[in-house]
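These notes are about the structure you will find just below.
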Amino acid sequence: MPRKVNKVIYVLLALFLGEFGLHKFYAGKTGTGILYLIFCWTFIPGFIGVVEGILAILKPADQDGNFYI
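For the sequence shown, the positions run 1 to 69 when full-length UniProt numbering is used.
The structure is reproduced here in structure tokens:
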């Protein structure tokens, strides 16, 4: 089920703390966030977080600055 989150907060979490999955926890995707935490030592979640942050920048937000994840 998609969840409405603030775009600015999500993008900042994904770009700077995406390696630890904080943007996933913020979006309510706890299972994925735990996977990011487990594999953070490989730096792969960090790369994925940057990509997800860039993709989130490209998604349109509503008038309140929110979008669906």
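In this text, a Cβ means the ideal position worked out from N, Cα and C, and glycines have one as well.
Proximity of residue i and residue j at Cβ, strictly below 8 Å
i	j	result
ALA56	LYS7	yes
ALA27	ILE69	yes
Distance between beta carbons of residue j and residue i, contact taken as under 8 Å
i	j	result
GLY18	LEU37	Actually they do not touch by this definition, with Cβ atoms about 11 Å apart.
At 4 residues or longer, and completely inside the UniProt domain "TM2" (4-54): list those alpha helix (DSSP H) runs for me, N to C.
-> 7-17, 22-26, 30-38
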